[in-house]
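Numbering (the numbering used here), first residue to last: 813 to 1021. Glycine residues also receive a C-beta, built at the ideal position from the N, C-alpha and C atoms.
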Amino acid sequence: MCAHVFPHTDRVTAIDSIHAQHDQPSDRVPAKHGSRWEEGDFAVIMQACREGCGLEEIAVRLERTVQGLRGQLRRMLPAAERHLSPELVLPRLRQLERDGDYDWLAAMAERTVSPWERRREEKAERHERGIGALDDEDLLGIAQAVVDSTVRQSPELRRALSDELHRRELDGLVRRRALAAAETSVDSLVRDGWSYPGERYPSEWMFGD
813 MCAHVFPHTD RVTAIDSIHA QHDQPSDRVP AKHGSRWEEG DFAVIMQACR EGCGLEEIAV
873 RLERTVQGLR GQLRRMLPAA ERHLSPELVL PRLRQLERDG DYDWLAAMAE RTVSPWERRR
933 EEKAERHERG IGALDDEDLL GIAQAVVDST VRQSPELRRA LSDELHRREL DGLVRRRALA
993 AAETSVDSLV RDGWSYPGER YPSEWMFGD
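The structure is reproduced here in structure tokens:
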């Protein structure tokens, strides 16, 4: 049991132990300072959380420094909550323990996603919601519309289209379709021969001076 739930004599003993740690000379450190943290240390922490112990009391029990303890407490939170400020970590652990049978070992096994990984995941999600979610024909249709358009699209849109077409190996097909469409457009305007049927032009246009 921790100091604030001890009988009076035990309470004094626990408080004296905490004071003794603070009164140590600067060249003295707790016995286990710098040694590897073991599963048993974390089990002690959770037991202390159940008893309502404070940081100093837990550090004394573990024979470690308060600063070292703070760093390990954060590891015991679920990965999604490790951003909490230091003063909120221990209260949150107590709350998790009160709410049910908290699996702190499973929480410690959770890997924190790095900022780079998070950005990559967000980019993939945006991709799936946008151009990447289109089927091939819809993607080709948009690409053709961009090619034909007289309005200049944003560089971001053109780059996204280009990247997706390249990823699906549709670059060549877009090019062939665009060339075929251009030829069809020209053919509808310019016919073989000198003129459309029934049209008359001055002879000098056809044969020169």
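Are any of the Cβ atoms in chain B nearer than 9 Å to that of V1002? In the structure shown, chain B cannot be found, because there is only a single protein chain.
Where V856 and L874 are concerned, what is the direct C-alpha to C-alpha distance, given to the nearest angstrom? Looking at the two C-alpha atoms, the distance is approximately 7 Å.
Any chance the stretch 844–854 sits against the stretch 889–909, with 3 or more Cβ pairs inside 8 Å? As far as the Cβ criterion goes, the stretch 844–854 does not touch the stretch 889–909, which means the pair count is below three.
Contact between the stretch 889–897 and the stretch 919–939 (3+ Cβ pairs under 8 Å): Of all C-beta pairs linking the stretch 889–897 to the stretch 919–939, three or more are shorter than 8 Å, placing the two stretches in contact.
According to the neighbour-count rule (16 or more other Cβ atoms, all chains shown, within 10 Å of its Cβ), is E869 buried or exposed? By the Cβ neighbour-count rule, E869 is buried, with 16 or more other Cβ atoms within 10 Å of its own.
Could you give the residue range of the alpha helix (DSSP H) that holds G944? First-last for G944: undefined, no H or E at that position.
In three-state DSSP terms, what is E981? E981 falls in the coil class under three-state DSSP.
Just checking my contact of L885 with L905 at CB under 8 Å: how many whole Å lie between their CB atoms? Contact between L885 and L905 holds, since their C-beta atoms are separated by about 6 Å, short of 8 Å.
Quick one: give me the first and last residue of the alpha helix (DSSP H) that L886 is part of. Correcting the residue type first, residue 886 is Arg in the shown sequence and not Leu. Run containing R886: 878–887, per the alpha helix (DSSP H) assignment.
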